[in-house]
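Chemist: Residue numbers (UniProt numbering): 1 to 532. A virtual CB, placed ideally from N, CA and C, is assigned to each residue, including glycine. Quantities reported herein were computed from a predicted structural model and do not represent experimental measurements.
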């Protein structure tokens, strides 16, 4: 498959940069402001945030006097400058005379701009016009933006050749990801490029192109000075690039891990694992992976550099079918939440660490402590244990509770799925609508395994408050927010509560150890989660 070799990309020998860097990829902060004064303030913020250069988006200025303003910006900039004056026809804001636009870029170059970005459509004309007059220290980036899709590998190769033929010093290609597998083609182009290249895939499905470009030899990546103000879809903040993903530690040999889900950007996993990798000097990076088709994703990124994945909603069951080998417990549950690509043969091995994290947290909640799990009998033995949801997490909870001697009831929106799971593990089934009036006894345990109540829909709950009186303990697998409406109302009804954070940390210990072969830094995990 075209992309499976992509990723043998690590052979791209990159030089160790200065200052403890593992790569020479630059971090560029786009500066978009309506006035030059505001631009100057933002350039200084970019410097404080540790950017390597700034991209001055001249098309964002409300009024612009080229000869005065360009001098002011270049003189005031604490960092090297890249000038972009993006026209509407290439996704920018400028809608005026084309000659004036190109004149302004030539002037910026004359005044000492370090880089100029010129669109492929006008690049030949522009480069001809500066022939023999180009300042030695100025570099021309010739760019192509595709807001529809990501072309085939062959078309991308032809595009690079066309850009090079204009006399570009640096090639820039920005495409749009319709699915995450599209990014592989940009990695392939980047790693094989003989000239400096910027390869960015826009949109949430293209996010990893922005984080992993140092691994594949990209010239620069963009990071915003604050969240929400982006110059293209999917841009991370500079702070996240440098301090959450530790961009400057990423090199050609860095192993890639990530969380496969849909949605996925709410996940706290990247924060947890990247902090832990850094603390033990493990050469890995952990990223959010918005995946529509898990089989296609795993097939596309098939090199051993893509070394392990956490799996979340809705892919835990589909992911199991993609594994070459499945741990017996995960097989019994029918879902995996952790996939390891074995380095020796590249085979995918699936595990389920969900049930350990969740069941231990619920047992601790019943015992009222973190440390008394050495008691021989489980406090779950004989209890009526109601699981909401029959997906991957629901299966794990039902399996774990059953193992501990609980009597299990599955409640699901579609009764047939509840029945199917109940028959598999030996329990009873209900439709979720009937759960409101289900109270055969007091002191039951309730475990929500669905995403009901997760951000942004924090006002939702799977069960009305009046029905919570029959439960002695309520657990919610949702951990964003930590205190869901379900848990708040359960506490008000007198039940003990266990948050999804406990399950999250518990399952993460085992995943970290499988990812790295090192013991999990448990204190660090708790500290990271307490602070976020």
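Could you say if the region 487-496 and the region 506-526 meet the contact criterion of at least three C-beta pairs nearer than 8 Å?
Modeler: Touching, no, given that fewer than three Cβ pairs across the two stretches are closer than 8 Å.
Chemist: Is the beta carbon of residue 368 less than 7 Å from the beta carbon of residue 304?
Modeler: In the chain shown, counting from the first residue as 1, residue 368 sits at position 368. In the chain shown, counting from the first residue as 1, residue 304 sits at position 304. In this structure, residue 304 does not lie closer than 7 Å to residue 368 by Cβ.
Chemist: Starting from the Cα of residue 422, find the closest Cα among 162, 436, 399 and 437 and give me that residue.
Modeler: As a working mapping, residue 422 is identified with position 422 in the chain shown. Out of 162, 436, 399 and 437, 399 has the C-alpha closest to the C-alpha of residue 422.
Chemist: Going by DSSP, what residue range makes up the beta strand (DSSP E) through residue 119?
Modeler: Here the question's residue 119 lines up with position 119 in the chain shown. Looking at the DSSP string, the run of the beta strand (DSSP E) that includes residue 119 is 115-119.
Chemist: Which whole-angstrom value is the C-beta distance of residue 33 and residue 46, which I expect to be below 8 Å?
Modeler: Position 33 of the chain shown, counted from the start, is the residue given in the question as residue 33. Position 46 of the chain shown, counted from the start, is the residue given in the question as residue 46. Not really, about 12 Å apart at Cβ, beyond 8 Å.
Chemist: Just to check my reading of the structure: residue 266 and residue 461 have Cβ atoms closer than 8 Å, yes? What is that Cβ distance to the nearest angstrom?
Modeler: Your numbering for residue 266 matches position 266 in the chain shown. Your numbering for residue 461 matches position 461 in the chain shown. 18 Å between Cβ atoms; not a contact.
Chemist: Enumerate in chain order the residues of its own chain whose CB-to-CB distance from residue 502 is below 6 Å, with the five nearest sequence positions on each side excluded.
Modeler: As a working note, residue 502 is residue 502 in the chain shown. Contacts found: 361.
Chemist: Would the region 457-477 count as touching the region 326-335 if we require 3 or more Cβ pairs under 8 Å?
Modeler: Short answer: they don't touch.
Chemist: So what does DSSP say about residue 309, is it helix, strand or coil?
Modeler: The count along the chain shown starts at 1 and reaches residue 309 at position 309. If DSSP states are grouped into helix, strand and coil, residue 309 belongs with the strands.
Chemist: Check for me: the beta strand (DSSP E) holding residue 28 runs from which residue to which?
Modeler: Within the chain shown, residue 28 is the residue found at index 28, counting from 1. 26-31 is the extent of the beta strand (DSSP E) around residue 28.
Chemist: Could you give the uninterrupted runs of the beta strand (DSSP E) lying entirely in the region 466-524, keeping only those of 3 residues or more?
Modeler: If we require 3 residues or more, the beta strand (DSSP E) runs fully inside the region 466-524 come out as 471-476 and 496-498.
Chemist: If you compare alpha carbons, which of 426, 465, 442 and 226 is closest to residue 238?
Modeler: What you label residue 238 is simply residue 238 of the chain shown in a count that begins at 1. Residue 226 is the option with its Cα nearest to residue 238.
Chemist: Counting C-beta neighbours from all protein chains within 10 Å, is the total for residue 288 16 or more, i.e. buried, or is it exposed?
Modeler: Along the chain shown, read from residue 1 onward, the residue named residue 288 stands at position 288. Counting Cβ neighbours within 10 Å, residue 288 comes out buried, since at least 16 surround it.
Chemist: Counting along the chain, where does the alpha helix (DSSP H) carrying residue 412 start and finish?
Modeler: As a first step, residue 412 must be located in the chain shown, where it is residue number 412. Where residue 412 is concerned, there is no enclosing alpha helix (DSSP H), although the beta strand (DSSP E) it sits in stretches over 407-412.
Chemist: Alpha carbon to alpha carbon, what distance is there between residue 221 and residue 150?
Modeler: Locating residue 150 in the chain shown gives position 150, counting from the first residue. Locating residue 221 in the chain shown gives position 221, counting from the first residue. Near 18 Å, if we compare the C-alpha coordinates of residue 221 and residue 150.
Chemist: Throw me the rounded Cβ distance for the residue 56 and residue 84 pair, which I believe falls under 8 Å.
Modeler: Position 56 of the chain shown holds residue 56. Position 84 of the chain shown holds residue 84. Confirmed, Cβ separation roughly 7 Å.
Chemist: To the nearest angstrom, how far is it from the Cα of residue 302 to the Cα of residue 181?
Modeler: Position 302 of the chain shown, counted from the start, is the residue given in the question as residue 302. Position 181 of the chain shown, counted from the start, is the residue given in the question as residue 181. Rounded to whole angstroms, residue 302 to residue 181 spans 11 Å at the Cα level.
Chemist: Alpha carbon to alpha carbon, how far is residue 97 from residue 212?
Modeler: Your numbering for residue 97 matches position 97 in the chain shown. Your numbering for residue 212 matches position 212 in the chain shown. Whole-angstrom Cα-Cα distance: 38 Å.
Chemist: Mind checking residue 281: buried by the 16 CB within 10 Å criterion, or exposed?
Modeler: Numbered from its first residue, the chain shown carries residue 281 at position 281. Exposed: under 16 other Cβ atoms inside 10 Å.
Chemist: Could I get the ranges of all uninterrupted beta strand (DSSP E) runs contained in the region 254-318, with 3 residues as the minimum, in chain order?
Modeler: With a minimum length of 3 residues, the continuous beta strand (DSSP E) runs that stay inside the region 254-318 are 255-261, 284-290 and 306-311.
Chemist: Using 10 angstroms around the beta-carbon of residue 508, count the other beta-carbons present and answer buried if the total reaches 16, otherwise exposed.
Modeler: The residue you call residue 508 lines up with position 508 of the chain shown. With 16 or more Cβ atoms within 10 Å of its Cβ, residue 508 is classed as buried.
Chemist: Suppose you measure from the CA of residue 434 to the CA of residue 488; what does that come to, to the nearest Å?
Modeler: Indexing the chain shown from 1 puts residue 434 at position 434. Indexing the chain shown from 1 puts residue 488 at position 488. Each residue's Cα considered, the two are about 22 Å apart.
Chemist: Assuming residue 183 contacts residue 177 (C-beta within less than 8 Å), just tell me the rounded distance between them.
Modeler: Counting from one through the chain shown, the residue named residue 183 turns up at place 183. Counting from one through the chain shown, the residue named residue 177 turns up at place 177. Indeed, because the Cβ distance is near 6 Å, the residues count as touching under 8 Å.
Chemist: Compare the beta carbon distance of residue 199 and residue 218 with 7 Å and say whether it is the shorter of the two.
Modeler: Taking the chain shown and counting its residues from 1, one reaches residue 199 at position 199. Taking the chain shown and counting its residues from 1, one reaches residue 218 at position 218. It is a contact, given that the beta carbons lie within the stated cut-off.
Chemist: Am I right that residue 410 and residue 393 are in contact with their C-beta atoms under 8 Å? What's the rounded C-beta distance?
Modeler: Start at 1 with the first residue of the chain shown, and residue 410 comes out as number 410. Start at 1 with the first residue of the chain shown, and residue 393 comes out as number 393. At roughly 12 Å, the Cβ-Cβ gap does not stay under 8 Å, so residue 410 and residue 393 are not in contact.
Chemist: From which residue to which residue does the alpha helix (DSSP H) around residue 98 run?
Modeler: Start at 1 with the first residue of the chain shown, and residue 98 comes out as number 98. Looking at the DSSP string, the run of the alpha helix (DSSP H) that includes residue 98 is 98-110.
Chemist: Quick one: what's residue 66 bridged to in DSSP?
Modeler: The sequence position of residue 66 within the chain shown is 66, counting from 1. According to DSSP, residue 66 bridges with nothing at all.
Chemist: Report the option in 262, 231 and 252 whose CA atom is closest to the CA atom of residue 205.
Modeler: In the chain shown, residue 205 corresponds to position 205, counting from 1. The candidate whose alpha carbon is nearest that of residue 205 is 262.
Chemist: Short of 7 Å in beta carbon distance, which residues of its chain neighbour residue 208, apart from the five on each side in sequence? Order them along the chain.
Modeler: Here residue 208 refers to the residue found at position 208 when the chain shown is read from its first residue. Around residue 208: 183, 287 and 289.
Chemist: Residues bridged to residue 348 by DSSP?
Modeler: For the purposes of this step, residue 348 is taken as residue 348 along the chain shown, with counting starting at 1. Per DSSP, 341.
Chemist: From residue 147 to residue 179, what does the alpha carbon distance come to, in whole angstroms?
Modeler: Counting from 1 along the chain shown, the entry for residue 147 is found at position 147. Counting from 1 along the chain shown, the entry for residue 179 is found at position 179. If I take the Cα positions, the gap works out to 14 Å.
Chemist: Which of the three DSSP states is assigned to residue 175 in this structure?
Modeler: Here residue 175 corresponds to residue number 175 of the chain shown, with the count starting at 1. Here residue 175 sits in strand by DSSP.
Chemist: Suppose only complete runs of 4+ residues qualify. What are the alpha helix (DSSP H) ranges in the region 419-463, listed by chain order?
Modeler: Runs found: none.
Chemist: So, for residue 322: in the same chain, excluding its five sequence neighbours on each side, which residues have a beta-carbon less than 7 Å away from its beta-carbon?
Modeler: Here residue 322 refers to the residue found at position 322 when the chain shown is read from its first residue. Around residue 322: 294, 295, 298 and 348.
Chemist: Cβ atoms of residue 380 and residue 401: under 7 Å apart, would you say?
Modeler: Numbered from 1 along the chain shown, position 401 holds the residue referred to as residue 401. Numbered from 1 along the chain shown, position 380 holds the residue referred to as residue 380. A contact, by the Cβ cut-off of 7 Å.
Chemist: Spatial neighbours of residue 449 within its chain, please: CB distance less than 7 Å, with the 5 preceding and 5 following residues excluded, ordered by chain position.
Modeler: Taking the first residue of the chain shown as position 1, residue 449 is located at position 449. 387, 388, 389, 391, 393, 394, 397 and 477, listed in sequence order.
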